[in-house]
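Enquirer: Chains as they are written, first to last, in this note's numbering: chain G, 1 to 168; chain R, 169 to 268.
Yeah, the Cβ is synthetic: ideal placement off N, Cα and C, and Gly gets one too.
Set out below in structure tokens:
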């Protein structure tokens, strides 16, 4: 990066913009998990509610990791506005399916930033994002495993399925 | 051919010192620190998104933009706003060396 701003910033400005969009995506995911936790909490689905409260916290932690990374590297992290959070769900299974879709979107978005960082020779961001790629792989695996439990226990009472789901 | 001829731009952005920048607009010169420059860049990017531009065209047809921690207010019509966006973009653009 051979511009005047290289003296102030370690990361590439285009990558910084994408990282700021990622913060918004993670915060939206956090808010979405909170809505799911509330749905489960109201229906006394104890394991699922704990799982989604934890997920909401984790997504916020991811956002904060990116937030501090941008500022630590001379950029400007933007606090996002979170709008249009869905609080209306049809079933517990639908909630987990939505969660998997959400995780896939987050993964794809991280891949996009990773590719851009590589294209722009932004090695600092590239290394930073490696943790997120492993983390997303784990998150997707967790969601898929839960959906498998629904397939295996099809027809069983919802409370019984919930008892066999992870709390975190 | 004299390549050192200075060209006067309507909107221009220059690095004055290590952490001071100067934005020249139609009627004022504004000194910016680097965080202020990043904030201005973000505001300009938001304002020049297609949906924001349509909104501006549909309403007042100009924008009032705060700069340097709200110490300055800049009046810009659409061409000037786009000009400012290009100026900031080229200031942040990473030039890569090309072997010929």
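1) Is the segment 74–91 of chain G in contact with the segment 129–147 of chain G, if contact means three or more CB pairs nearer than 8 Å?
2) Considering just the uninterrupted stretch of the beta strand (DSSP E) at residue 242 of chain R, what are its terminal residues?
3) Taking residue 52 of chain G as the reference, give the member of G:21, G:90, G:96, G:67 with the closest Cα.
4) Does the beta carbon of residue 234 of chain R come closer than 7 Å to any beta carbon on chain G?
5) Look at residue 260 of chain R and residue 8 of chain G and say whether their C-beta atoms are less than 7 Å apart.
6) Please list the partners that residue 203 of chain R has in chain G, where partner means a Cβ-to-Cβ separation under 8 Å.
7) Determine, for residue 208 of chain R, whether the minimum Cβ-Cβ distance to residues of chain G falls below 7 Å.
8) When you compare the segment 29–41 of chain G with the segment 226–243 of chain R, are there three or more beta-carbon pairs, one atom per stretch, that lie closer than 8 Å?
9) Please return the same chain residues whose Cβ sits closer than 7 Å to the Cβ of residue 29 of chain G, not counting the five positions on each side in sequence.
10) Which chain C residues are close to residue 186 of chain R, counting only those with a beta carbon under 9 Å from its beta carbon?
11) Using a Cβ cut-off of 9 Å, which residues of the segment 11–35 of chain G contact any Cβ in chain R, in chain order?
12) My output table needs one value for residue 169 of chain G: the three-state DSSP class, helix, strand or coil.
13) Does DSSP put residue 235 of chain R in a helix, a strand or coil?
14) Helix, strand or coil for residue 189 of chain R, going by three-state DSSP, please let me know.
15) Following the continuous beta strand (DSSP E) through residue 164 of chain G, name the residue where it begins and the one where it ends.
16) Pull up the CB-CB distance for residue 50 of chain G and residue 168 of chain G, whole angstroms please, since I reckon it's below 8 Å.
17) Checking the sheet assignment: what are the DSSP bridge partners for residue 198 of chain R?
18) Measure the C-alpha to C-alpha separation of residue 26 of chain G and residue 109 of chain G and round it to an integer number of angstroms.
19) By the DSSP assignment, the alpha helix (DSSP H) with residue 45 of chain G in it spans what residues?
20) From the DSSP output, in three-state form, read off residue 184 of chain R for me.
21) Compute the beta-carbon to beta-carbon distance between residue 255 of chain R and residue 179 of chain R, rounded to the nearest angstrom, for a pair I have assumed lies under 8 Å.
22) Measuring only the C-alpha atoms, how far is residue 252 of chain R from residue 242 of chain R?
23) By DSSP's criteria, residue 230 of chain R is part of a beta bridge. Which residues make up the other side?
24) Tell me whether residue 52 of chain G sits in a helix, a strand or coil according to DSSP, three-state version.
25) What's the gap between the Cα of residue 223 of chain R and the Cα of residue 214 of chain R?
26) Mapping the DSSP letters down to three states, classify residue 15 of chain G as helix, strand or coil.
27) Can you tell which of R:191, R:217, R:247 has the C-alpha that lies nearest to the C-alpha of residue 240 of chain R?
28) Which value, in whole angstroms, describes the spacing of the CA atoms of residue 132 of chain G and residue 24 of chain G?
Expert: Once the coordinates are examined:
1) With a cut-off of 8 Å, the segment 129–147 of chain G and the segment 74–91 of chain G do not count as touching, because too few Cβ pairs lie within range.
2) By one-based count along the second chain, residue 242 of chain R stands at place 74. Run containing residue 242 of chain R: 240–245, per the beta strand (DSSP E) assignment.
3) As a first step, residue 52 of chain G is located in the first chain; it is residue number 52 there, counting from the start. Nearest C-alpha to residue 52 of chain G: G:96.
4) Against the second chain, residue 234 of chain R aligns to sequence position 66. Not one chain G Cβ lies under 7 Å of residue 234 of chain R.
5) On the second chain, position 92 is the one that residue 260 of chain R refers to. On the first chain, position 8 is the one that residue 8 of chain G refers to. No, Cβ-Cβ distance for residue 260 of chain R and residue 8 of chain G is not below 7 Å.
6) As a working note, residue 203 of chain R is residue 35 in the second chain. Under the 8 Å cutoff, chain G gives 76.
7) Position 40 of the second chain, counting from 1, holds the residue named residue 208 of chain R. Chain G contact via Cβ: absent.
8) Counting Cβ pairs under 8 Å, fewer than three are found: no touch.
9) One-based indexing of the first chain puts residue 29 of chain G at position 29. Excluding sequence neighbours, residue 29 of chain G sits near 59, 102, 106.
10) Given the protein chain composition of this structure (G and R), no chain C is represented.
11) Within the segment 11–35 of chain G, the qualifying residues are 12, 13, 14, 16, 17, 20.
12) What is shown of chain G runs 1 to 168, which leaves residue 169 of chain G out entirely.
13) Locating residue 235 of chain R in the second chain gives position 67, where the first residue counts as 1. Looking at residue 235 of chain R - three-state DSSP - the assignment turns out to be strand.
14) What you label residue 189 of chain R is simply residue 21 of the second chain in a count that begins at 1. Strand.
15) Numbered from 1 along the first chain, position 164 holds the residue referred to as residue 164 of chain G. Taken as a continuous stretch (DSSP letters only), residue 164 of chain G belongs to no beta strand (DSSP E), as it is neither H nor E.
16) On the first chain, position 50 is the one that residue 50 of chain G refers to. On the first chain, position 168 is the one that residue 168 of chain G refers to. Yes, they are in contact, since the Cβ atoms of residue 50 of chain G and residue 168 of chain G sit about 7 Å apart, within 8 Å.
17) Within the second chain, the letter at position 30 stands for residue 198 of chain R. R:191.
18) Along the first chain, read from residue 1 onward, the residue named residue 26 of chain G stands at position 26. Along the first chain, read from residue 1 onward, the residue named residue 109 of chain G stands at position 109. Each residue's Cα considered, the two are about 10 Å apart.
19) By one-based count along the first chain, residue 45 of chain G stands at place 45. Residue 45 of chain G -> no alpha helix (DSSP H), and no H or E assigned at all.
20) Locating residue 184 of chain R in the second chain gives position 16, where the first residue counts as 1. Here residue 184 of chain R sits in strand by DSSP.
21) Here the question's residue 255 of chain R lines up with position 87 in the second chain. Here the question's residue 179 of chain R lines up with position 11 in the second chain. Yes, residue 255 of chain R and residue 179 of chain R are in contact; Cβ-Cβ is about 5 Å, under 8 Å.
22) For the purposes of this step, residue 252 of chain R is taken as residue 84 along the second chain, with counting starting at 1. For the purposes of this step, residue 242 of chain R is taken as residue 74 along the second chain, with counting starting at 1. The alpha-carbon atoms of residue 252 of chain R and residue 242 of chain R are separated by roughly 11 Å.
23) Within the second chain, the letter at position 62 stands for residue 230 of chain R. Beta-bridge pairing links residue 230 of chain R to R:245.
24) By one-based count along the first chain, residue 52 of chain G stands at place 52. Looking at residue 52 of chain G - three-state DSSP - the assignment turns out to be helix.
25) As a first step, residue 223 of chain R is located in the second chain; it is residue number 55 there, counting from the start. As a first step, residue 214 of chain R is located in the second chain; it is residue number 46 there, counting from the start. Distance between the alpha carbons of residue 223 of chain R and residue 214 of chain R: 12 Å.
26) By 1-based counting over the first chain, the position of residue 15 of chain G is 15. Here residue 15 of chain G sits in helix by DSSP.
27) If you number the second chain from 1, residue 240 of chain R lands on position 72. Here the closest residue by C-alpha is R:191.
28) On the first chain, residue 132 of chain G is found 132 positions in, with the first residue counted as 1. On the first chain, residue 24 of chain G is found 24 positions in, with the first residue counted as 1. Their backbone Cα atoms lie some 15 Å apart in a straight line.
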